[in-house]
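Asks: Have a look at the structure that comes next, please.
Residue numbers (my numbering): 5 to 225.
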């Protein structure tokens with residue numbers, strides 16, 4: 005199939021954007037999608053066609069249906085003097101933005117902090133949490149649920165571990181209000197922020213809890 009044939013099929017919606025990744029090379033697929041959008045939307049997208057990113061290294065990993073890249077002005081602020089357990093010294097801050105005066109404002113802040121002796125920083129906690137709430141039938145059900153949680157921490161940790169190779173369950177706290185039980189799960193997400201990671205892991209734990217506590221209802225994750 006020629007590029008013109010592919011383009012016509014995209015324009016007639018007989019071919020989906022993602023399907024051409026397996027038909028032509030990555031760079032050609034990017035260009036064809038961009039040409040199709042230009043015709044479908046009646047716009048010119050010549051600027052996003054100029055980029056230094058290796059499309060083959062990001063397609064399928066960092067982006068889907070790629071049509072180009074957007075450049076954002078990058079400024080530098082600092083140095084800011086940091087006094088931490090892991091970071092200790094002067095650091096420059098690259099800031100990508102289109103907001104005028106932002107970098108200048110941050111730069112002034114860095115100067116003030118440095119002249120004041122530097123920023124003393126400590127990490128008090130390094131974790132991401134989720135706190136699903138369960139509703140029990142009565143106070144006896146509340147006590148039963150809490151007891152089950154305390155006795156099955158390893159099983160819940162294994163359920164969470166089955167969903168990710170990066171994070172792990174650190175601990176569980178419970179809070180009770182009437183028949184409502186909040187279980188706060190704390191996770192180590194390594195280098196990731198991990199919001200999706202812990203949501204998926206928490207969902208797996210909740211499924212385990214519900215499977216073995218049929219008199220309990222999950223209200224919210």
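All C-beta atoms in this analysis are idealised placements derived from N, C-alpha and C, irrespective of residue type, glycine included.
#1: With distances taken between CB atoms, is the gap from residue 201 to residue 171 smaller than 8 Å?
#2: Can you tell me which of the three DSSP states residue 8 falls into?
#3: Helix or strand or just coil, what does DSSP make of residue 198?
#4: Looking only at its own chain, which residues have a Cβ that is under 7 Å from the Cβ of residue 32, when we skip the five neighbours before and after it?
#5: In chain order, which continuous runs of the beta strand (DSSP E) of length 3 or greater are located wholly inside the segment 110-136?
#6: Using CA atoms only, rank isn't needed, just tell me which of 206, 186 and 67 is closest to residue 192.
#7: Which word fits residue 1, buried or exposed, when buried means at least 16 other C-beta atoms lie within 10 angstroms of its C-beta?
#8: Check whether the segment 77-88 touches the segment 49-67, counting contact only when three or more Cβ pairs, one atom from each stretch, lie closer than 8 Å.
#9: Count the other CB atoms, across all protein chains shown, that sit within 10 Å of the CB of residue 24; report buried if there are 16 or more and exposed otherwise.
Replies: Here's the rundown:
#1: Taking 8 Å as the cut-off, the Cβ atoms of residue 201 and residue 171 count as close.
#2: helix
#3: In this structure, residue 198 counts as coil in the three-state DSSP scheme.
#4: 7
#5: 132-134
#6: 206
#7: Absent from the structure is residue 1, since the part of the chain shown begins at 5 and ends at 225.
#8: As far as the Cβ criterion goes, the segment 77-88 does not touch the segment 49-67, which means the pair count is below three.
#9: buried
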